[in-house]
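Right, one structure below, let's go through it.
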Amino acid sequence: MNPWQMAQQLKHELAQVTWDGSTNPVFGTRSVYVYAGAPPSDEEHPPQFPFCLVTIGTGTPDEDHPELIQQTFNVVVAVEVAGDPLGEQAVIGGSRSSASRSSGAGIAQVAERVRYAIQNLTTYDGASIIVTGSGVGSPSTLGRGRQVVFDEYTVEALCTSQPHFPAPQQLTAVGTTWSWEAGPVANRYDFVRYVLGYRGGDTPADAFSGITPVYQDTDLETSHAPAAGRVYHVFAEYNSTGLSGVREYSDPELGSYLRL
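With my numbering applied, the sequence shown covers 34 to 293.
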């Protein structure tokens, strides 16, 4: 992934963070943002607490591999607990109706879930992740007895300089059953579906163009009677804009095609 893709992947992963033992989101899809700047002022705050901001920091090209960039990202978490004029509950939590809900949770409780989610991205599509934390900041007064607390992490990732769209791997055929491994594809923010197809001859395709599809869906296997004299490929379709439809295809990679 390049830095632009990695920022969106971090947003995607953080929006899916849940409270331990439940399916309830910590933030949800409307409380995680890619943001340009420092922690926002009172007027800039998103409408809902807790919220999370992802900012793109500095990037340094690798001297030995100029196609790679050592890129930093900042992840800022903000919490406010209603009726908390001193900020104590925003730090350690207040009265919670449920341990699986965000209402009343303090920054220490929210940040634990964020740190766990980010640290699970130890290696993601070739981008090695290193996470460091700056710790919980002092409560900040927002007026009218309101206090907000921020916690910030620095994420360092080895990114590609160009956008990258990985292919599924380990394409196999047993009888009429075709299967493959998702690899880094399925959990990507921009993944749409898989495509199994073929082209005539014995030379693998260098792009999706010229492929005759026989399957297009999100399952990891399908049924298709193979024919000799073809090269079968499995591709992943992507849409990096977040809109409907398909905009990008994975490149053919070793393991994503099979000669018959």
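Note that beta-carbon positions come from the ideal geometry of N, C-alpha and C, so glycine has one too.
Rounded C-alpha distance that separates ASP158 from PRO217
Residue placement at ASP158 is poorly supported in this model, since its pLDDT is 49, which falls under 50; the coordinates are not used for a value here.
Between the alpha carbons of VAL247 and ALA144, how many angstroms are there, rounded?
45 Å
Cβ-Cβ distance between TYR186 and ARG148 below 8 Å
yes
Considering only C-alpha positions, which residue in the set SER135, GLN152, LEU276 and LEU204 is nearest to TYR222?
LEU276
So, at 6 Å on beta carbons, what are the nonlocal neighbours of LEU293 in its own chain, with the 5 sequence-adjacent residues on each side left out?
PRO259, ALA261 and ARG263
Report the rounded CA-to-CA distance for GLU286 versus GLU46, giving the unit in angstroms.
26 Å
Going by beta-carbon coordinates alone, are GLY61 and ALA48 separated by less than 8 Å?
yes
I'd like the span of the beta strand (DSSP E) that includes VAL143, first residue to last.
From DSSP, VAL143 is part of no beta strand (DSSP E) but of the alpha helix (DSSP H) over 140-152.
N-terminal and C-terminal residue of the alpha helix (DSSP H) that LEU253 is part of:
LEU253 -> no alpha helix (DSSP H), and no H or E assigned at all.
Within 10 angstroms of the Cβ of PRO196, are there 16 or more other Cβ atoms? Answer buried if so, exposed if not.
exposed
Under 8 Å: do the region 120-129 and the region 86-101 share three or more Cβ pairs, one atom per stretch?
no
Would you mind sorting ASP117 into buried or exposed? The rule is 16 or more other CB atoms within 10 Å of its CB.
buried
CB-CB under 8 Å to TYR282, same chain, minus the five flanking residues each way: which ones, in chain order?
PHE198, VAL228, ALA240, PHE241, PHE268, ALA269, GLU270 and TYR271
So what does DSSP say about HIS98, is it helix, strand or coil?
coil
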